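Peer 1: As you go down the protein sequences, you meet chains A and B in turn.
The numbering used here applies: residue 1 is where the first sequence begins, and numbers increase by one.
The numbering used here applies: residue 311 is where the second sequence begins, and numbers increase by one.
Ideal Cβ positions, reconstructed from N, Cα and C, are used throughout, including at glycine.
Note that the structure is predicted; figures quoted are calculated from it, not measured.
Handing you a structure now.
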Amino acid sequence: MTTTNPGQGATIAADAEAQLLDMRPRQTQVQKLVAFARSKPLGAISAIIVLLTVLAAVVSYVVPGVLPHDPLDVRAHEDKYMPPQPGAWLGSDHLGRDELSRLIAGSQISIYVGLLSVGIGVTLGALIGILSAYIGGAFDLAIQRVVDAMMAFPPIILALGLVAVLGGSANNVIIALLVILLPGTIRVIRSQVLSIKELDYTLAAQAIGAGSIRIMLKHILPNVIASYIVLGTITLGFAIIIEASLSFLGVGVPPDIPTWGGMLTRGTEEIRIAWWLAVFPGIAISVVVFAINFLGDALRDTLDPRLRGR
Amino acid sequence: MRQYAIKRIGLFIPTVLLVTVIVFVVMRLIPGDPALAILSADDAAYTEDELRLLRIELGTDRPLVVQYIDWVSGLVRGDFGTSFWWGGPVMDRLGERIPVTIELAVLGIGLAVVCAVPLGVLSAIKPDSPIDYLSRVFTLVGISIPTFFSGILLTLILIRSFGWLPPLGYADIWEDPWANVKQLMLPALALGFYDMAFIARVTRSSMMEILREDYMRTARAKGLAERLVLSRHGLKNAVLPILTISGWQFGRLFGGTVIIEKIFLIPGVGQLLIDAVYQRDFPTIQAVIVIVALSIVVINLLVDLLYGWLDPRIRYA
Chain A
1 MTTTNPGQGA TIAADAEAQL LDMRPRQTQV QKLVAFARSK PLGAISAIIV
51 LLTVLAAVVS YVVPGVLPHD PLDVRAHEDK YMPPQPGAWL GSDHLGRDEL
101 SRLIAGSQIS IYVGLLSVGI GVTLGALIGI LSAYIGGAFD LAIQRVVDAM
151 MAFPPIILAL GLVAVLGGSA NNVIIALLVI LLPGTIRVIR SQVLSIKELD
201 YTLAAQAIGA GSIRIMLKHI LPNVIASYIV LGTITLGFAI IIEASLSFLG
251 VGVPPDIPTW GGMLTRGTEE IRIAWWLAVF PGIAISVVVF AINFLGDALR
301 DTLDPRLRGR
Chain B
311 MRQYAIKRIG LFIPTVLLVT VIVFVVMRLI PGDPALAILS ADDAAYTEDE
361 LRLLRIELGT DRPLVVQYID WVSGLVRGDF GTSFWWGGPV MDRLGERIPV
411 TIELAVLGIG LAVVCAVPLG VLSAIKPDSP IDYLSRVFTL VGISIPTFFS
461 GILLTLILIR SFGWLPPLGY ADIWEDPWAN VKQLMLPALA LGFYDMAFIA
511 RVTRSSMMEI LREDYMRTAR AKGLAERLVL SRHGLKNAVL PILTISGWQF
561 GRLFGGTVII EKIFLIPGVG QLLIDAVYQR DFPTIQAVIV IVALSIVVIN
611 LLVDLLYGWL DPRIRYA
C-alpha cells in the first residue's frame, strides 16, 4: 500500500482485523468435540474407553442388577476354576465367583479412588503451586524444599507406610494418594506460574492496580487451566496403578471388596492352573491406564502445545 | 566444578533433614500412641501402669523433639531401633535383605540400559523403518503396562511355552552364583521393563536431536566413517540425558522391587516392608522408608554431580 491517506489506512486495518476475527472458527462445543476426534482419533477412542469405564463403575454401583452375577456369590457357577466359556465369559475363580461380574464391580474402586484423589490432589496442588510461585520468597523456598524431599520417596513405598499407619480402607488409600500426587502437581503448576508472572499482561494488571488475589484468579488461573486438565488426566492413570498395586499387595482396600489389584493377587497365586484369573484384571488395568495416558497426550497437544515433550 | 558441587551439596543437606522429618511425622505422629496400639491389640486388657511403663520402655514418654533427635542419631550410627514384631534390632534383618534388593535393582537397570540404548539408537538413525516402528510400539506398550502385570505376563509366557516354573527357594549369590543369577534374571527383566521402554524413548529422541546438529554434518563432510560419526560425535553427546534418566529411574526402581519381590518370592527389602506392614511393625517400616528415600537422595546427588562433571554447561548454568 503506497497511498499516504491516513484515514484510508486505518479503514483497511480495521477491515483486516474484522476479517481476521471472522476467520477464527466460531465453533459450538459439539463442533469442537468433532474437530478433536478428527485430529486425534486415538485420543477420541481413548476418551470413549475411559467414559465407558466410568459409566460401568457408576451403573454397576447404582444398579447392581446389571451385573450377570453377584460378584460376591460363591455359587454363581457350579464349578471353581471354570475357563472362559459361554455363560461364564471370563471364567470363574477359586470360589466359583463370576470373574466378569467381579471385573466390572472392580472398576468401582479404581474409578472412585482415582477420580477423588486426583480431583482433590491436583486442585490442591495447583492452588499451592500458584501461591508458591506468586508469593515467592521464603514461602516459595520452604515449599520447594518440602516438595524436593517428598519427591525422594518412591510412590509405592510412601503409600505402604501411610496405609500402614492409617489402616486399609478406600478413603485412606485416597489420603495416601493425595500425599503422593501433591509434590509433582505443585512443581509443574509452579513452574508455569513463574513464567506467566513475568508476562506483560500480568505486569499490566499490576500497573493498573489490580490486587494479588484478582491477578491470581483472573490472569494466572485461566492460564494454568490447560495444564491442570492435562495433569489431572495423566495422574488419574498413575493413581489407578497405585491403588491397584496396594490392593495387589493386600494392604489397600479390604480384601472382601472386589478390586482389580486384589483379583490379580489371586491370579498370580493360581497362575499355573487358571491363567484367566491373572490375565483379565491385568488387561483391564493396562487398557484403562493406556487409554487415560493417550487421552492425556491428546488433550495436551490440543489444549496447550507448549507442554509437548514435558 | 567445585562451586557447582558445593551448591548442589548445599541443597542436599536440607533435603536429607526434611526426608527424616517427613518420615518421623508420618510414622510417629499420625499413628498416635504406639504403646497404646501394642497394648490394645486384640482388645487385650491393660492397666494404666503397664501403659506408662511401656511408654518409658519405648521412649515415647519424652518430648517429640527429643525422640526425633534420638532417632536421627541412631540412624547415623546404623541403629534403626527394635522391631515390635520379632523384638530384635531392625538392622539384623534389614542388613540381610539390602544386598538382595540392590542386586535385583542393578540387574534390572543394567538389562534395561543394555537393551534400550541400541534399540533407541537404531530407531533414531533409521526413522520410520520397520525397526523404528517396532521399537516405538514396544516403548508405548512398555510405558503403559504396570510393573506387576509385566511380571505376571512374563511368568505366564514362560510357564505356557516352556513349562518353566518359578523357583521357590532363594539361592544366595555367594553360595550358588549361577542359580542366583538365573533366578533373578526374569524378575530383573520384569522390573526393568518399564525403564527399558522409557530409556529407549529418551535415547531415540536425544539421538535424533543430535543427528540434526551441524557438527554431525561437519564430521561426515571431513570424511569420517559413519560408524565413528555415530559413536564419537553422536552417541557421546546423546549419552548425557540417557545417563540422567537412568540414574533417576534407578531410584524409582526401588519402588518397583516391592511388587516384583512379592510376585517372584524374593527375600528382599520389599518383602520385609510388606511383611512389616502386615504385622504393623512400625520401627521396621520406618527404617525401610527412610533408607530407601535417603538412598534415592544420594543417587540423585551423584547423578547431578556426574552430570555437572561431564557437561560444563550444567555447572555454569
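Whose Cβ in chain A lies nearer than 7 Å to the Cβ of B/V329?
Peer 2: Here residue 329 of chain B is taken as the residue at index 19 of the second sequence, counted from 1. The answer, in chain order, is A149, A152.
Peer 1: Got a sec: is the Cβ-Cβ distance from B/I435 to anything in chain A below 8 Å?
Peer 2: Along the second sequence, one-based indexing puts residue 435 of chain B at 125. With 8 Å as the cut-off, B/I435 does not count as an interface residue toward chain A.
Peer 1: So what does A/S92 bridge to, in DSSP terms?
Peer 2: Stepping through the first sequence from its first residue, residue 92 of chain A is reached at position 92. A/D98, per the DSSP bridge assignment.
Peer 1: For the ligand SAM, is there a heavy atom less than 7 Å away from the beta-carbon of B/I319?
Peer 2: Inclusion of the ligand SAM in the displayed structure is not the case, the ligand content being empty and no account of it being possible.
Peer 1: With a cut-off of 8 Å, does the C-beta of A/R310 fall near any C-beta of chain B?
Peer 2: The residue you call residue 310 of chain A lines up with position 310 of the first sequence. Residue confidence is low: A/R310 scores 42 on pLDDT, short of 50, so the model does not pin down where it sits. Its coordinate-derived value is still stated next. False, the Cβ-Cβ gap to chain B never drops below 8 Å.
Peer 1: Kindly list, in the order they appear in chain A, the residues whose Cβ is closer than 8 Å to that of B/R590.
Peer 2: The residue labelled residue 590 of chain B in the question sits at position 280 within the second sequence. Neighbours of B/R590 on chain A, chain order: A164.
Peer 1: Please name the residue or residues paired with B/T392 in a DSSP beta bridge.
Peer 2: Counted from its first residue, the second sequence places residue 392 of chain B at position 82. In DSSP, B/T392 forms a bridge with B/P399.
Peer 1: Between the C-alpha atoms of B/L540 and B/L550, what's the straight-line distance to the nearest angstrom?
Peer 2: Working through the second sequence from its first residue, we reach residue 540 of chain B at position 230. Working through the second sequence from its first residue, we reach residue 550 of chain B at position 240. Straight-line Cα distance between these residues: approximately 15 Å.
Peer 1: Please name the residues in the region 596-609 of chain B whose beta-carbon is closer than 7 Å to at least one beta-carbon of chain A, in chain order.
Peer 2: Answer in chain order: I599, V602, A603, I606, V607.
Peer 1: Give a yes or no on whether 8 Å exceeds the smallest Cβ distance from B/F390 to chain A.
Peer 2: Position 80 of the second sequence, counted from the start, is the residue given in the question as residue 390 of chain B. By this cut-off, B/F390 is not an interface position.
Peer 1: Among B/L582, B/W381, B/I366, B/G502, whose alpha-carbon lies nearest the alpha-carbon of B/L464?
Peer 2: Counting from 1 along the second sequence, the entry for residue 464 of chain B is found at position 154. Per the Cα distances, B/G502.
Peer 1: Going along the chain, which residues of the region 262-273 of chain A sit with their C-beta nearer than 9 Å to a C-beta in chain B?
Peer 2: Listed by position along the chain: L264, T265, G267, T268, I271, R272.
Peer 1: Taking Cβ positions only, does B/T325 come closer than 8 Å to chain A?
Peer 2: Residue 325 of chain B sits at position 15 when you count from the first residue of the second sequence. Closer than 8 Å to some Cβ of chain A, the Cβ of B/T325 qualifies, so yes.
Peer 1: Go ahead and pull the three-state DSSP assignment for A/Q108.
Peer 2: Numbered from 1 along the first sequence, position 108 holds the residue referred to as residue 108 of chain A. Three-state DSSP puts A/Q108 in a helix.
Peer 1: Is it the case that the Cβ atoms of B/L521 and B/A426 are separated by a distance below 8 Å?
Peer 2: Here residue 521 of chain B refers to the residue found at position 211 when the second sequence is read from its first residue. Here residue 426 of chain B refers to the residue found at position 116 when the second sequence is read from its first residue. No, they are not a contact pair.
Peer 1: Given B/V447, which residues of its chain have a CB within under 6 Å of its CB, disregarding the five upstream and five downstream residues?
Peer 2: Taking the second sequence and counting its residues from 1, the one referred to as residue 447 of chain B is at position 137. Answer for B/V447: no residue qualifies.
Peer 1: Whole angstroms are fine: how far does the CA of A/N293 sit from the CA of A/S46?
Peer 2: Reading the first sequence from its first residue, position 46 is the one you call residue 46 of chain A. Reading the first sequence from its first residue, position 293 is the one you call residue 293 of chain A. For A/S46 and A/N293, the distance between alpha carbons rounds to 8 Å.
Peer 1: Compare the beta carbon distance of A/F370 and A/L67 with 8 Å and say whether it is the shorter of the two.
Peer 2: Given that chain A is displayed from residue 1 to residue 310, the structure contains no residue 370 of chain A and the question cannot be resolved.
Peer 1: A/F290 touches chain B at which residues, Cβ-Cβ below 7 Å?
Peer 2: For the purposes of this step, residue 290 of chain A is taken as residue 290 along the first sequence, with counting starting at 1. Chain B residues near A/F290: S454.
Peer 1: Do you know offhand how far A/G209's Cα is from A/G237's?
Peer 2: Within the first sequence, residue 209 of chain A is the residue found at index 209, counting from 1. Within the first sequence, residue 237 of chain A is the residue found at index 237, counting from 1. A/G209 and A/G237: Cα-Cα distance of roughly 42 Å.
Peer 1: For the alpha helix (DSSP H) holding B/F472, just list the boundary residues, first then last.
Peer 2: The residue given as residue 472 of chain B occupies position 162 in the second sequence. That run of the alpha helix (DSSP H) goes 457-472.
Peer 1: Contact between the region 115-133 of chain A and the region 176-185 of chain A is defined here as three or more beta-carbon pairs at a separation below 8 Å; is this criterion met?
Peer 2: Yes: at least three Cβ pairs fall under 8 Å.
Peer 1: Along the region 555-579 of chain B, where does the CB come closer than 7 Å to a CB of chain A? Name the residues.
Peer 2: Residues passing the 7 Å Cβ filter: R562, F564, G565, V568, I569, K572, I573.
Peer 1: For B/W488 and A/I128, what's the separation of their Cα atoms in angstroms?
Peer 2: To locate residue 488 of chain B, count along the second sequence from 1; it is residue 178. To locate residue 128 of chain A, count along the first sequence from 1; it is residue 128. B/W488 and A/I128: Cα-Cα distance of roughly 52 Å.
Peer 1: List the whole-angstrom C-beta distance separating A/Y134 from A/K197, where the pair is believed to meet the contact cut-off of C-beta under 8 Å.
Peer 2: In the first sequence, residue 134 of chain A corresponds to position 134, counting from 1. In the first sequence, residue 197 of chain A corresponds to position 197, counting from 1. A/Y134 to A/K197, Cβ: 6 Å. Contact.
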